[in-house]
Structures are given as C-alpha cells and as structure tokens.
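Residue numbers for the sequence shown follow my numbering, so the first one is 56 and each next one is one higher. C-beta: ideal position from N, C-alpha, C; glycine also.
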Amino acid sequence: MLQRLSAVIRRPMFWHGTHHHDSNDATKRLFDTVSSTVKGIQQINYVVEHDPKLTVEEKAKMKQFLIYRYDPADENDFPKYVSYYVDLKKIPPMYLDALLYIKDNYDSSLSLRRSCREGICGSCSMNCNGLHKLACIHAIDTDLTQPAYITPLGHMFVVKDLVVDMTNFYTQYKTIDPYLKRKTPKEGNKEYIQSVEDRKLLDGLYECVLCACCSTSCPSYWWHPDRYLGPAVLMQAYRWIVDSRDEYTDERLEKLAEDVKVEDCQNIGMCSFTCPKGLDPQRSMNHLMKLIEEYKERKIASATL
C-alpha cells in the first residue's frame, strides 16, 4: 500500500535530539532526501490510467499529471496514483488550473480544497512535485517529458484525495490567542495608534494565509505535532508578541515557554524555503526564541531580588 507522499517520507529522524546540530548540514541532508523522494516517486509501481485508450503519440503532446487518490471511508479503496493527460494549451498555467480542468472534464470525483485562486485564502495547499505549495499560484512545469506529481500535504491525515484534516493545525492556532489583547480600557472610539517603525515590525508576518505548507514541511513538526506548534503558528504567535498595541507580551511568552512548544525548532529552514508567500518563518522563530530566553532571564532575575 502506498503511503501518503510528503517532501520526505518515512526517513530517519537524523535531527531529533539536542539543538546543537549543524543547521547547514541538516538542511543539506533534507534537500538530499527531497531529491531521493522525488526519484522514488518516479519508480512507483501502482498507477491507474484514467484513460487507457490514449496512444503514445497522443500522450506525447500532453502533460501527464499523477494525482494521489484515496478515500479512507471506502473500505474497498486504497492509495494510488491516477494518471491524467492534459493539453496545456487548453488551461491557464497553474497547478490548480490543471486540477480543476481534470475535475470538470475528466473525473468529477476528484476531491480538493480551493477558494480564492489568488494565493490569499490558503485553501489549495498541497504537495506539487515534492514541495508544499499553493496550487493556485504554483506554475506547472511545461516539460512534457516529465510527469507532474500532486499529493496531499505530507504527514497529515487524508480525508479524501488531496484533502487533509486540518483540525490539529487550527486547534494549535487557537491556543496562541491570535487577536489583540489589552489591559488598558479603550477610550471612546479611538484607534490604537502605532508608529511607522512599530508597524513595520508586522511586515512579513501578517501576510501569512495559514496554508500549513511550512508546518507540514517541518521535520520537528512531524516528530511532535501534539506538542510542537510548528512554524506557521509560532510565526503568528510572534506577530502578536511584537505588536506594540498588545499588552499581554509576558503572558504570551510564558505560555510559549512551556514544554516544546517552541524549542523543538532545529533551524533546518525548510519552512522558509517552501513558503508560497515568500515569508521567513525561520527568522521569526529565531527572534521569538531570543525573546523567550530574555523573558526567562528576567523572570529568574526578579525571583532572586
């Protein structure tokens, strides 16, 4: 039975342990693993042809899409790749365009999430050729000699086909209280004013669309999804901590300092590499961990007075 594909599948957990690994070496090994995974995909044995009547000549003029299909609710179904051939001249250039064309014209049973088609809602996150991306803004490789592989986000429970269960991800997001919290009563209808400098601190943070591409690409999140919050949620936690209008900074830091909510980050950097919005969760988490350390030092110092 084929396992759910991710950028790295069932590989040795060679970063598990302390936080003193060489991050560059770990990153190199991760990319080597991604490369070997893609090569492994190309050797898979179980592929179902959607249209077995297509000739070799017809296939040569079209792009092959190998799409992961599986319905866990159907006891007679099993994980597999279904092969579809699409004439790229008939569709716009993105992966989502191909998926919708296949769903509308070939196979209406294909399940996927999508909404805005502009990279704003985060709904269509999935694995495209070994990397987690938003299908609506990720361009199809036009090389007709190479198939395109489309699978669900890795290391997530599959609901059906390309749809994964996001319950744990959103539950974790809820735990960071992702909204402005104040202790000082608001005066009338006045807005909470920020300086230009304070507002700039939020750039590169508020743009996150919670697609989970970074978290599901993170080995630390694969190992401890029950405790480690992952890069997406932690970057949003950092977003509220550095917001000058928020008055619960220490309380937020105290909450994050518990267990391995933050400290399981190994600084591999796959989160920043895969982010479809071009954000840098790794940098945000490094800043966040420094703030937590400073908070712990302040707490110890105040306790000894």
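Is residue i buried or exposed, if buried means 16 or more other CB atoms sit within 10 Å of its CB?
i	result
R254	exposed
Q291	buried
Y225	exposed
P286	buried
G324	buried
P107	exposed
I355	exposed
P148	exposed
G209	buried
P127	exposed
N244	exposed
N160	exposed
Cβ of residue i within 8 Å of Cβ of residue j?
i	j	result
Y261	R294	yes
S357	A267	no
K114	Y140	yes
Y125	Y101	no
I175	V264	yes
D305	L235	no
I205	L143	no
L121	P202	yes
I'd like the list of long-range same chain contacts for residue i, defined as Cβ closer than 6 Å, with 5 residues on each side in sequence excluded.
i	result
K188	P331
R237	E302
S327	D335, P336, Q337
G177	V264, L265, C266
E104	S138
R353	none
S339	M290, Y293
L256	V297
Given this structure, state the Cα-to-Cα distance separating residue i from residue j, to the nearest angstrom.
i	j	result
T271	Q337	14 Å
K345	M117	51 Å
A312	Y247	28 Å
Q119	A153	10 Å
D132	P233	39 Å
T222	L284	13 Å
L155	P274	31 Å
D411	D198	In the structure displayed, the chain extends from 56 to 360; residue 411 sits before or after that span and is not available.
E349	L343	10 Å
V251	N341	23 Å
H76	I231	Bear in mind that a pLDDT of 43 at H76, under 50, signals an unreliable position, so the number given afterwards is only what the model happens to contain. Using only the alpha carbons, I get a separation of about 28 Å.
T359	K351	13 Å
K145	E130	36 Å
H279	K241	40 Å
T239	D162	57 Å
T200	V111	12 Å
D281	H193	30 Å
G333	N184	18 Å
Starting from residue i, follow its DSSP beta bridges and name the residues at the other end.
i	result
F120	Y139, A203
K188	M181
M149	A194
E104	S138
V55	Examination of residue 55 is not possible in this model, given that the chain is present from 56 through 360 alone.
Suppose the cutoff is 7 Å on Cβ atoms and the five residues either side in sequence are ignored; what does the same chain contact list for residue i look like?
i	result
K229	none
L151	R169, R172, C179, A190, C191
I347	L308, L311, A312, V317
D319	S275, H279, Y283
Q249	S299, R300
Once the 5 residues before and after residue i are set aside, which same chain residues still bring their CB inside 8 Å of it?
i	result
P207	R59, L60, Y123, M181, N182, V213, D216, L217, V218, V219
K158	L165, L167
Y276	H210, S270, Y283, G285, P286
Q227	L284, G285, V288
Q98	Residue placement at Q98 is poorly supported in this model, since its pLDDT is 47, which falls under 50; the coordinates still yield a value, given next. Counting only Cβ-Cβ distances below 8 Å, and skipping sequence neighbours, we find nothing.
Verify the contact flag: residue i, CB atom, against every heavy atom of the ligand SAH, threshold strictly below 7 Å.
i	result
M340	The ligand SAH is not part of the structure shown, which contains no ligands of any sort.
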